[in-house]
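J.:
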Amino acid sequence: MLVSATALLGATLGTVSGVLTLCGLSLLCKSCKKGKLERGDETDPEKAKPSILHTLTQFSVQKCTEPIQPQASLKFPRIYRPKPSVTSQEVINYKEHGATNDTSAAELDTCNQATEREEVFSLPRQDETPCTSEQTGAMTTSSSILYPKLHFSISLHKENGELHISIVEAENISVESGCEGYISGCVSVSEEQKHAHTAVHKLAAHVQWGEELVFALPMEGTEDTDSLDGEVALSLHCCDRFSHNSTLGTMRFKLADISMMLDADCWVDLQPPKQEVASSAGELLLSLSYLPAANRLGVVVMKARGLQSDKLKDNIDLSVKLTLKHLNAKLKKKQTRRVKHKMNPVWNEMMMLELPSELLAKSSVELEVLNLASPGTLLPLGRCMLGLHTSGTGLQHWKQMLDNPRKQIAMWHPLYT
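Take the sequence shown: its letters are residues -18 to -1, 1 to 399, numbered as in mature numbering (1 follows the signal peptide of the UniProt record, and there is no 0).
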């Protein structure tokens, strides 16, 4: 009995001690695992995962009442400048030609990426860097056009029946260097014309004459010129070495108005001569636009209509040749593609020309319609001129272009042979 009780007690104590040992071992394993997890979280916080033992990280957010200003990501527009080269004599002697900048060739190539390779002229560089310089001169408009001005005075000698016109001087003359010119006068009375002219002088921006033109008037039976029916015309002419005279400007007044002009200093603007009346050989539709920032003149040759010529009987192969002129010097020539077998051809081609705004008042564009009659033979059908020194639609179209920069202005132009 005693032995069985002792055995039972030993078995019970052994079981209890085994259970306690197992519990201790399990607690020890859990504590080791917990220590490893905590050390791993401290060394690599990014790999730590939220759990019961690991709380989520709390972020603090601070509110700000100041408005956020957006930052613009736009780039400054590129300004294209013309490539420097030689043009007419006036361009070479331009007042800002001496102020040049030693800009590297790499900068010039960067600024002129949009410049056509076929261009053969442009103007000298300015003082600023071509890529970032701003235009300092205002663009020419139709209201700022300077026509030649003539200074003269009139005196009437009733006892001799003579009209004396004293030519004093002329200003704002725009011609090529080396040209010569003179002032001519014409008095028309009773379908009779009397002419006189001054001596030939070398033309410049300002020319002094100091000469008198004398005209005989039919004063018989009249006490004054108010009853005379006639007209007086004064014109400024330019002549070159080949004896080809061109009229730069003309002014006219009636003989009946002489009494108001006697013994007075008269300053008069000479208007461009009117185009001679001639039969039109057709019409040409053109569109003009000028870009002041890029110094570019755009001419769109659109179409032609009503072409009338005996040169179109054998073959019809039409094109338009464009010539840009500065005064009398030809700066650039371009030509459209050829259109065959059509009396009313359509081209719709744009030609871009580099032309600074300072030279718009002294530049012109000439367009000529050509027919390829045979290989190598181009026959002119008609031409038109556009510029401030022209007349008719050419002058009107050019003025509208100056008053509306960056806009396309279209207009029909008659063609003259």
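Think of the CB as a built atom: it goes at the ideal place given N, C-alpha and C, for glycine as much as any other residue.
Owing to the predicted nature of the structure, the values given are computational and were not obtained by experimental measurement.
Helix, strand or coil: which one does DSSP assign to Ala246?
T.: Note: Ala246 maps to coil in three-state DSSP.
J.: Counting along the chain, where does the beta strand (DSSP E) carrying Asp299 start and finish?
T.: Taken as a continuous stretch (DSSP letters only), the beta strand (DSSP E) holding Asp299 covers Asp299 to His308.
J.: Are Arg319 and Ser301 close, meaning C-beta to C-beta below 8 Å?
T.: In this structure, Ser301 lies closer than 8 Å to Arg319 by Cβ.
J.: How is the alpha helix (DSSP H) around Met383 delimited, first residue to last?
T.: Counting along the chain, the alpha helix (DSSP H) containing Met383 begins and ends at Thr375 to Asp385.
J.: Is it right to say Ser8 is buried, meaning 16 or more other beta carbons lie within 10 angstroms of its own, or is it exposed?
T.: Counting Cβ neighbours within 10 Å, Ser8 comes out exposed, since fewer than 16 surround it.
J.: Hey, how far is the Cα of Asp292 from the Cα of Leu397?
T.: Between Asp292 and Leu397, the C-alpha separation is close to 15 Å.
J.: Under 7 Å Cβ to Cβ from Ala186, same chain only, skipping five residues before and after it: list those, please.
T.: Contacts found: Ile155.
J.: With burial defined as no fewer than 16 other Cβ atoms inside 10 Å of the residue's Cβ, what is the status of Arg107: buried or exposed?
T.: In this prediction, Arg107 has a pLDDT of 41, which is less than 50 and means its spatial position is unreliable; nothing more can be read from the coordinates.
J.: Going by Cα to Cα distance, which pick from Thr229, Gly374 and Val(-3) is closest to Leu252?
T.: Ranking Thr229, Gly374 and Val(-3) by Cα distance to Leu252 puts Thr229 first.
J.: Please list, in chain order, all residues of the same chain as Glu265 whose beta carbon is under 6 Å from its beta carbon, the five residues on each side excluded.
T.: Only Arg287, Gly288, Trp394 and Pro396 meet the Cβ criterion.
J.: Taking all protein chains shown into account, do 16 or more other C-beta atoms lie within 10 angstroms of the C-beta of Ala343, making it buried, or fewer, making it exposed?
T.: Result: buried.
J.: For Val196 and Pro255, what's the separation of their Cα atoms in angstroms?
T.: Using only the alpha carbons, I get a separation of about 24 Å.
J.: Assuming Gly167 contacts Ala178 under a Cβ cut-off of 8 Å, what Cβ separation, rounded to an integer in Å, is found between them?
T.: About 5 Å; that satisfies the 8 Å criterion.
J.: Alpha carbon to alpha carbon, what distance is there between Gly376 and Val157?
T.: Answer to the nearest angstrom: the Cα atoms are 20 Å apart.
J.: Taking Gly231 as the reference, give the member of Val250, Ile240 and Ser241 with the closest Cα.
T.: Among Val250, Ile240 and Ser241, the Cα nearest to that of Gly231 belongs to Val250.
J.: Would you call Pro327 buried or exposed, if buried means 16 or more other Cβ atoms sit within 10 Å of its Cβ?
T.: Counting Cβ neighbours within 10 Å, Pro327 comes out buried, since at least 16 surround it.
J.: Just verifying my parser: in three-state terms, what is the DSSP assignment at Glu158?
T.: The answer is coil: DSSP assigns Glu158 none of H, G, I, E or B.
J.: Mark Ala152 as exposed unless 16 or more other C-beta atoms lie within 10 angstroms of its C-beta, in which case mark it buried.
T.: Buried is the call here.
J.: My parser needs the beta strand (DSSP E) runs of 3 or more residues fully inside the stretch 161 to 239; what are they?
T.: Counting whole runs of 3 or more residues, the stretch 161 to 239 contains the beta strand (DSSP E) stretches 162 to 171, 174 to 179, 188 to 198, 212 to 221 and 227 to 236.
J.: Could you compute how far the alpha carbon of Asp295 sits from the alpha carbon of Leu360?
T.: Position check: residue 295 holds Lys in this sequence, whereas Asp was assumed. Lys295 and Leu360: Cα-Cα distance of roughly 14 Å.
J.: Under the three-state reduction of DSSP, which class applies to Lys15: helix, strand or coil?
T.: Of the three classes helix, strand and coil, the one that applies to Lys15 here is helix, per DSSP.
J.: For Glu391, which residues in the same chain have their Cβ closer than 6 Å to its Cβ, ignoring the five residues on either side in sequence?
T.: For the sequence presented, residue 391 should be read as Ile rather than Glu. Closer than 6 Å at Cβ, skipping near neighbours: Leu270, Gln382 and Met383.
J.: Flag Leu2 as yes when its Cβ comes closer than 7 Å to any non-hydrogen atom of the ligand MN, and as no otherwise.
T.: This structure lacks the ligand MN; in fact it carries no ligand of any kind.
J.: Quick one: Cα of Ser148 to Cα of His139, how far?
T.: C-alpha separation (whole angstroms): 13 Å.
J.: Which whole-angstrom value describes the C-beta separation of Met334 and Gly280, a residue pair presumed to lie in contact below a C-beta threshold of 8 Å?
T.: The pair is a contact, with the Cβ atoms about 6 Å apart (cut-off 8 Å).
J.: Cutting at 8 Å between CB atoms, please list the residues of its own chain near Lys324, excluding the five before and the five after it.
T.: Cβ neighbours of Lys324 beyond the five flanking positions: Ile298 and Leu300.
J.: Spell out the partners DSSP gives His146 in its beta bridges.
T.: DSSP output for His146 lists Ser137 and Val196 as bridge partner(s).
J.: Within the same chain, show all residues whose beta-carbon is closer than 6 Å to that of Met243, passing over the 5 residues directly before and after it, in chain order.
T.: Ile136, listed in sequence order.
J.: On a Cα-Cα basis, can you pick out the residue from Ser217, Leu210, Thr(-4) and Asn227 that is closest to Ala238?
T.: Of the listed residues, the one whose Cα sits closest to Ala238 is Leu210.
J.: Does DSSP classify Leu(-6) as helix, strand or coil?
T.: Three-state DSSP puts Leu(-6) in a helix.
J.: Going by DSSP, what residue range makes up the beta strand (DSSP E) through Leu350?
T.: For the sequence presented, residue 350 should be read as Glu rather than Leu. Here the beta strand (DSSP E) through Glu350 covers Ser345 to Ser356.
J.: Residues in its own chain within less than 8 Å of His379 by CB, not counting five upstream and five downstream?
T.: Answer for His379: Leu268, Leu270, Leu368, Ile391, Met393 and His395, listed in chain order.
J.: Any idea what DSSP makes of Ser271, helix, strand or coil?
T.: Three-state result, Ser271: strand.
J.: Should Val347 and Leu306 be called a contact, given that it needs their Cβ atoms to be closer than 8 Å?
T.: Taking 8 Å as the Cβ cut-off, Val347 and Leu306 qualify as a contacting pair.
J.: How would you write the range of the beta strand (DSSP E) that residue 404 sits in, first residue to last?
T.: With the chain represented from -18 up to 399, any question about residue 404 goes unanswered, as that position is not in the structure.
J.: Rounded to whole angstroms, how far is the Cβ of Gly163 from the Cβ of Cys220, which I believe are closer than 8 Å?
T.: 5 Å between Cβ atoms; contact.
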